[in-house]
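J.: Shown below is the structure under consideration.
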Amino acid sequence: PLEGATSEHKIYRAENLKIAPGSCGHHLDISVMRMGDNGTSHNPQAGRYKRETLKTTKYVELVIVADNREFQRQGKDVEKIKQRLIEIANYVDKFYRPLNIR
1 PLEGATSEHK IYRAENLKIA PGSCGHHLDI SVMRMGDNGT SHNPQAGRYK
51 RETLKTTKYV ELVIVADNRE FQRQGKDVEK IKQRLIEIAN YVDKFYRPLN
101 IR
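Numbering (full-length UniProt numbering), first residue to last: 1 to 102.
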């Protein structure tokens, strides 16, 4: 949901997203990774410490795509498609909210 809103969402067109085609949008800085003595990947900054994971809000990026079949199923009505996608986003949000994931 939008900041301060409970059921309003931003919807972006895929062509307006600033990510490379075929990528998930995640940026892992491989330069901080190095190979350990046993040949496995090692991150020197990955110190382990306890934290209150259940109290910390975590965020995920949700991308929902309505393909042509769904578009046809909704009678080629763009507003109906938007409403359907918002309903799906709210449904997914209800699963993640108890885990403090937004």
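Think of the CB as a built atom: it goes at the ideal place given N, C-alpha and C, for glycine as much as any other residue.
What's the C-alpha gap between residue 67 and residue 50?
T.: Taking the straight line from one Cα to the other gives about 43 Å.
J.: Taking the DSSP output, what are the residues bridged to residue 58?
T.: BP columns for residue 58 point to 101.
J.: Using the three-state DSSP reduction, which class does residue 8 fall into: helix, strand or coil?
T.: The answer is coil: DSSP assigns residue 8 none of H, G, I, E or B.
J.: Taking Cβ to Cβ, would you say residue 58 is nearer than 8 Å to residue 101?
T.: Contact flag set, yes.
J.: Under the assumption that residue 94 contacts residue 11 (Cβ atoms under 8 Å), give the Cβ distance between them as a whole number of angstroms.
T.: Contact flag wrong, Cβ pair sits at about 18 Å.
J.: Classify residue 66 as helix, strand or coil using the three-state DSSP reduction.
T.: Here residue 66 sits in coil by DSSP.
J.: Using the Cα positions of residue 4 and residue 63, report the straight-line distance between them to the nearest angstrom.
T.: Computed Cα separation, rounded: 20 Å.
J.: Tell me the residue span of the alpha helix (DSSP H) that contains residue 77.
T.: Run containing residue 77: none; DSSP gives neither H nor E here.
J.: Please state the DSSP three-state secondary structure of residue 2.
T.: Residue 2 falls in the coil class under three-state DSSP.
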